[in-house]
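Peer 1:
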Amino acid sequence: MTDTAETTNDATPRRELAVPDLSLVVLVGTTGSGKSSFAAQHFLPTQVVSSDACRGLVADDPNDQAATGDAFDLLHYIAGKRLAAGRITVVDATNVQQESRRKLVELARDHDVLPVAIVLDLPQQLCAERNSRKPDRAHFPPRVLQRQQSELRRSLRHLEREGFRKVHVLRSEAEVDAVGIVTEKRYNDLKHLTGPFDVIGDIHGCRAELVTLLGKLGYAVTRDAEGRAVDAAHPEGRTAVFVGDLVDRGPDTPGVLRLVMGMVAAGHALCVPGNHENKLGRALAGRKVTVSHGLKESLDQLAAEPPEFVAEVREFIKGLISHYLLDGGRLVVCHAGLPEKYHGRTSGRVRSHALYGDTTGETDEYGLPVRYPWAEEYRGQALVVYGHTPTPVANFLNNTICLDTGCVFGGRMTALRYPERELVEVDAEQVWYEPVRPLISDAPGAREGRPLALTDVAGRRIVETRHHGRVAVREENAAAALEVMSRFAIDPRLLAYLPPTMSPVGTSQREGYLEHPDEAFAAYRADGVRQVVCEEKHMGSRAVVLVCRDAEGTAGEKRFGVPTGGQIWTRTGRAFLDDLTVPGVPAEHGAVTRAVLDRLRVAAESAGLFAELDSDWLLLDCELLPWSLKAEGLLRRQYAAVGAASGAALGAARAALAAAAGRGVAGLDVTELSERQDLRAADAAAFTEAYRRYCWTVEGLDSVHLAPFQLLAAEGVNLAVRPHDEHLAWIDRLVDADASALLRPTRRLVVDTEDPDSCTAGAAWWEELTARGGEGMVVKPMGSLVRPEGGRLVQPGVKVRGREYLRIIYGPDYTRPEHLTRLRSRALGHKRSLALREYALGLEALDRLAAGEPLWRVHEAVFAVLALESEPVDPRL
Amino acid sequence: MFLTISTIGTDQRPATDLGFLLHKHPEKAQSFSTAHGLAHVFYPEAGAERCTAALLLEVDPIALVRRGRGTKGRGSGSPDFALSQYVNDRPYAASSLLAVALSAVFKSAMKGDCKARPELAAEPQPLTIELPAVPAKGGADLVRRLFEPLGWQVDAEPLPLDPTFPEWGDSRYVGLRLTGTLRLADALSQLYVLLPVLDDAKHYWVAPDEVDKLLTRGGGWLAAHPERQLIIRRYFSRRWSLARAANERLELARLAEADDREPEELDNAVPEETASPEGESADPAAAEPVEPKPTPLAVHRRAAIIERLRAAGATRVLDLGCGEAALVAELLKDRAFTEIVGVEVSARALAIAARRLRLDRMNERQAARVKLLQGALTYTDARLTGYDAAVLSEVIEHVDEERLPALEYAVFGAARPGTVVVTTPNVEYNVRWESLPAGHVRHGDHRFEWDRAQFRAWAEQTAETYGYAVEFGPVGEEDPEVGPPTQLAAFTRTDTTTTPKGA
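So the protein sequences, as listed, match chains A and B. Residues in the first sequence are numbered from 4 upward in steps of one, following this note's numbering. Residues in the second sequence are numbered from 466 upward in steps of one, following this note's numbering.
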């Protein structure tokens, strides 16, 4: 495809120089040949990297020859960065020496772009004149120019052999003035085609199955006079895309080629080559190849075809492009898979990778190359659809999918509808060819049991969420989350969700109160949320529960790759009950967890939830009670200790004050001080009462309770976005079906924020709950996920905590007016923002889980929730 | 918080002379504004035979938090520290705050100044000091050990945590009564120094320069105190933890709190006693051996590991879970190891490791040989591929058994060094540790401790799965019955594959 352009000196017609839109353009010319002017005229200043400019950057002098080494290091570095980012780059340096060009050709190859040379071969006289007009170059000895000129002349003939894919030579000022640059698209760039597409996996001469599959996909097949399929078109204008390996091994390679070539010619299909086409093409071109792996079948079958047809096949194969970028770059199709950095690139390496895939250089016990699991490392945005490696079932892995399901070996032929992401399959009519090795289930893309990579979570990250845009995680927060996740959390394969933090209600100005329901109702009213549900806050700890339908682990193994009946975890992903001992339950690791899950499983089964949701597992958001079960250490250390110290100290102080008052000395008036200590003692007693409500001695499994309040997910569906009345209906059924003492109902009241009477009733309900010692309530929009037209998410819930409960948060005597006044100045902005970000990340994790996305994608969102939990926010909120 | 000081009068000298000593009139109730709230002094009794002065400090808990934030290093203004900063015993218990209030309200008395009755101040008096709630880390026993040598008769009664839950037992508080005949100035300065020592609280409201003042206040009696080492050590560890609190990243503490846990429960990769800046106290007096020197087992272990690395001819080595980089430091001494990479998940351990290795002052040639990385062994890490050897010394037992397969894959499957040296405790040997209660693991964070058969089975299975050969060796003196204290496995890769191997 080399395109050498030479023009004669006397004619100077307007001339267009073609340059691929991603290439390394190397200007070649002596000093004074006008390279910089040429570059400035035809390219953006940012596209040009000049050696003089680099000299200036490293040495303050663009002509300092002593800085040449450093300047070129810098030039290569900048050019490399641009090429890696996929940007066309022009190198403005003399480049008359073969050695300097060799480095640039290597640079282009390293980044899989085409090197292009534009040579300004102007008369030496002209160059010398130009130099003499520039004060900083006037002192250049004439021999320098002389030497450069002769080096350039010697180079000219070899440029193509050096690796330049296009060489444009301009020999006069007039020629230079008459050119324009046209950028041309790369052959693999079909981003403008938006489909919809039906990508079809490896065919290997299985013509009958292909025709069946096309029929199933809705294509109408056109046949020629002899009844042979020669084209197929979809009534809705869909385009078929073949991932290659049309030929070899199977019964009718010519039939497949006739149909596919017809479809491609008619514009009904696109096709990329497979390694089998490549080899067949070489065989047809008369090259010496080893006839193996089913090539013999193709050659024999083609031998029975007319030579014109064989010639067409040869041309067809010759014209195939290694891979295509489709749909704005969101879809990449190639035969053997392609890492992101090769998408849209053009080099021998890219082509070879697209055809043969990445191999480790080793061979397995069947003598077949060991494939490098590139898809496991793939993190790109584009969906890569490929074939090549026969695998029993097509599975998405890291946004890639292999469609080779071994039809010719008696498996299936698979197509992927895009953008629907639906698989359409037909079974092989028979085993057409015996495989060398059995279809392996752990081919790249077929399994996800392998650990996550550190690069999935560490460092500063941006997580894209469907509901709240891009959420940033800072490095220090990720570092803390890494410690907790790796040392204390449960297996990430099970850890599909972490609950978000929740903001308290806006601060109340009501006398004696810091929080009150009125502010919650008013805030939702202002957000246009009419119906809210008030749910009691259970006095326990947050617990996320995964319960699988069978205790033996069949469902767990199938969906999560872990043979488990489920797990229960805390806000930071720790196993909640695994190391606890409960009287009556065997004192072995995980026994309490299993016992609780057994009870829950029975209830869920008898409530019919598994059946209704057509799922072998359920994920629930719950509170686990008592709080003391998990937090006994905290309760003793922090709360009981305060109670003990305050009782002793205030008792002694009040006795001493009473004695002092009893002395009846005029100068010793301690009345006011005494009264204050009485109040403090009362507050301390109320504090002690408040924490005691969270403690009870667990005498057996019957004193452990679970209060579920939301169904988060089931197979294939994120339920967290469903309205709360739906959730509560499920939960009520679950609780009703529980014959054990495990489950506790969630009391609730629906409030109309526009109706003053309803709001009053809501406040009264809260007063009653908290007067009886309740923790408070959570107010949520009935619709769960609420986003006003074009606006930001509404808080998914706010907590309104009881006046007494808040003593254990703000201190025993926080209700005293002088304290309340100051505490009311609390700032809620960061907490609210955090609550929204974590909520969106939690939903994102569930959405990704529902879509069957790879583990790292789910884990990324879950990890981000944990990281955000370490952001600095007032812990009392 | 509250305390009373009582004295008994004699015929020559009425008990109310206490008022002169304290510079506070027995017939008045007085209030003083102090750094942490209002202090009140009044006399519940003031007779010739017996006179009692009471000090009541009304701590302002909200102001306390705000002040705490104002100290240096914490200027961010966001109230972002642990909840324990807001709900705590400070308003009630006799802690460092009371000590500070004592020194403010009874400043002259503590110095021994008394213009009205100079001879009184110089003489020992019969004194009774009562503190209803003294936080005492170390319990009533330590209280006695601290005060009895100074001439006090000590009554220390532990307070129950909560009578509603008798199973919770006693709190860390004692009701304290001290009786003795001492100079009042000495009595006050002893309280001033020893209350914070007993408290040993994590959240401390005394600025570092005040710590120095506290120590000078100890004067003569501290030098001869039999518990001098403990007193000094607690002060210095406090000073260090102050510095730590000011500099430390609090992210991990917040995650602990989100799960109702103490930060130390998560941030336990470095033992408290080794967390001080240079690994030992800056006070030369405290350098005398207080506790047994670090167990020589660690030295044996490093020697055994290095021997294996040398035998394998390894020059580029990973220390996975390097902790404070003791092994890295040892490897640096041998120039045969040209590249040493310490990997650790604990940010705190890494910071201490960098400081211990003096990375910032190391010469370039040395520095080029060593690298410290944060990493987690349950994730694969491309940075760790291509090394000659990896060490997992006392690491696997800190990983939940369910998560070990992830570590195995990350190390043996993905990083795939030529040699892997693993050490782990031999649980059989635990019966030989006298200080270890039966059935206890050697470290609170150990998720398991294996006997020799379990370790062998695990190592052989892992070797088999990932294409390694394994051999075993003892570390430390081998006991004929229970084996060595530490067991070691050296894995050698047998297949030449260097790319990730399917699990």
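The beta-carbon is built from N, C-alpha and C at its ideal position, and this holds for glycine as well.
#1: Could you tell me which uninterrupted beta strand (DSSP E) segments, each at least 3 residues in length, are contained entirely in the region 44 to 103 of chain A, listed from first to last along the chain?
#2: What are the residues that DSSP puts in a beta bridge with N721(A)?
#3: In chain A, which residues lie less than 7 Å from T629(B) when you measure between Cβ atoms?
#4: Counting only Cβ pairs nearer than 7 Å, list the residues of chain B close to G814(A).
#5: What is the DSSP secondary structure of T417(A), reduced to helix, strand or coil?
#6: Does the Cβ of P447(A) have 16 or more other Cβ atoms within 10 Å, making it buried, or fewer, making it exposed?
#7: If we ignore side chains and look at the alpha-carbon of each, how far apart do A385(A) and E423(A) end up?
#8: With a Cβ-Cβ cutoff of 8 Å, do H326(A) and A288(A) count as a contact?
#9: Which stretch, first to last residue, makes up the beta strand (DSSP E) that contains A223(A)?
#10: Can you tell me whether DSSP reads K194(A) as helix, strand or coil?
#11: With DSSP run on the structure shown, which of helix, strand or coil describes K169(A)?
#12: Using 8 Å as the threshold, is the C-beta distance between L627(A) and L549(A) below it?
#13: Could you name the residues of chain A that F497(B) contacts, counting a contact when the two beta carbons are closer than 7 Å?
#14: Please determine if the region 771 to 781 of chain A and the region 528 to 546 of chain A are in contact, where contact requires at least 3 C-beta pairs separated by less than 8 Å.
#15: Rounded to whole angstroms, what is the Cα-Cα separation between G474(B) and A513(B)?
#16: Taking Cβ positions only, does G640(B) come closer than 8 Å to chain A?
#17: L329(A): which of S26(A), S677(A), Y359(A), A243(A) sits nearest, CA to CA?
#18: Run the CB neighbour count on T674(A), radius 10 Å, all protein chains shown included, and call it buried at 16 or more, exposed below.
#19: Going by the CB atoms, is the gap between H501(B) and L521(B) shorter than 8 Å?
#20: What residues in its chain sit with their C-beta under 7 Å from that of A838(A), if we drop five residues either side in the sequence?
#21: How many Å lie between L884(A) and P556(B) at the Cα?
#22: With 16 as the cutoff for other CB atoms within 10 Å, does A750(B) come out buried or exposed?
#23: Which bits of chain A does Q839(B) rub up against, with CB to CB less than 8 Å?
#24: Going by the DSSP bridge assignment, what does C130(A) pair with across the sheet?
#25: Mind checking who I594(B) pairs with in its DSSP beta bridge?
#26: Who pairs with P372(A) in a beta bridge, going by DSSP?
#27: Our contact map puts A529(A) next to V801(A) with C-beta atoms below 8 Å; I'd like the distance itself, whole angstroms only.
#28: Which residues of chain B have a Cβ atom closer than 8 Å to the Cβ of S506(A), listed in chain order?
#29: Ignoring anything shorter than 3 residues or poking outside the region 373 to 417 of chain A, list the beta strand (DSSP E) runs there in chain order.
#30: Distance cutoff 8 Å, beta carbons only. Does P878(A) sit that close to anything in chain B?
#31: For chain B, is any of its Cβ atoms less than 8 Å away from the one on H171(A)?
#32: Starting from the Cα of T884(B), find the closest Cα among S636(B), H863(B), A928(B), I470(B) and give me that residue.
#33: Count the other CB atoms within 10 Å of the CB of N828(B); is the residue buried (16 or more) or exposed (fewer)?
#34: So, does the CB of M466(B) fall closer than 8 Å to a CB anywhere in chain A?
#35: Threshold first: 3 residues or longer. Then list the beta strand (DSSP E) segments lying entirely within the region 465 to 530 of chain A, N to C.
#36: Can you pull the chain B neighbours of G646(A), defined as C-beta to C-beta under 7 Å?
Peer 2: Looking at the atomic coordinates:
#1: Runs of the beta strand (DSSP E) spanning 3 or more residues and lying entirely within the region 44 to 103 of chain A occur at 51 to 53, 92 to 95, in chain order.
#2: DSSP output for N721(A) lists A716(A) as bridge partner(s).
#3: Within chain A, R695 have C-beta atoms less than 7 Å from the C-beta of T629(B), given in sequence order.
#4: Chain B residues near G814(A): P526, Y551, V552.
#5: Strand, per DSSP.
#6: Model confidence at P447(A) stands at a pLDDT of 33, short of 50, so the residue's coordinates are unreliable; what they give is reported in the following sentence. With 16 or more other Cβ atoms within 10 Å, it is buried.
#7: For A385(A) and E423(A), the distance between alpha carbons rounds to 15 Å.
#8: No.
#9: Per DSSP, the unbroken beta strand (DSSP E) holding A223(A) starts and ends at 223 to 226.
#10: Coil at K194(A), not helix or strand.
#11: Reduced to three states, the DSSP call for K169(A) is strand.
#12: Between L627(A) and L549(A), the C-beta spacing is not below 8 Å.
#13: None at all; the shortest Cβ gap to chain A is about 13 Å.
#14: Of all C-beta pairs linking the region 771 to 781 of chain A to the region 528 to 546 of chain A, three or more are shorter than 8 Å, placing the two stretches in contact.
#15: One C-alpha to the other measures close to 6 Å.
#16: Answer yes: the Cβ-Cβ gap between G640(B) and chain A drops below 8 Å somewhere.
#17: Selection S26(A), S677(A), Y359(A), A243(A) evaluated against L329(A) yields A243(A) as nearest (Cα-Cα).
#18: So T674(A) counts as exposed.
#19: Taking 8 Å as the Cβ cut-off, L521(B) and H501(B) do not qualify as a contacting pair.
#20: P503, T504, M505, S506, Q798, listed in sequence order.
#21: The displayed coordinates of chain A run from 4 to 880. Any statement about residue 884(A) would go beyond what the structure contains.
#22: With a pLDDT of 38 at A750(B), under the threshold of 50, the predicted position of this residue should be treated as unreliable, and no value is reported.
#23: Simply A461, A482, L485.
#24: Note: C130(A) sits in no beta bridge, so no partner.
#25: When DSSP reads this structure, I594(B) sits in a beta bridge with I470(B), L643(B).
#26: BP columns for P372(A) point to T366(A).
#27: Contact annotation, A529(A) with V801(A): C-beta distance approximately 13 Å; criterion of less than 8 Å not satisfied.
#28: Ordered by position in chain B, no residue passes the 8 Å Cβ test against S506(A), which lies about 15 Å from the chain.
#29: As far as the region 373 to 417 of chain A is concerned, its whole beta strand (DSSP E) runs of at least 3 residues are 386 to 389, 403 to 405.
#30: So yes, P878(A) belongs to the interface.
#31: The beta carbon of H171(A) does not come within 8 Å of any beta carbon belonging to chain B, so the residue lies off that interface.
#32: When C-alpha distances from T884(B) are compared across S636(B), H863(B), A928(B), I470(B), the shortest belongs to A928(B).
#33: It is exposed - the Cβ of N828(B) has fewer than 16 other Cβ atoms within 10 Å.
#34: Judged by the 8 Å Cβ criterion, M466(B) is in contact with chain A.
#35: Whole beta strand (DSSP E) segments, 3+ residues: 472 to 476.
#36: Near G646(A) (Cβ distances below 7 Å), the residues of chain B are D627.
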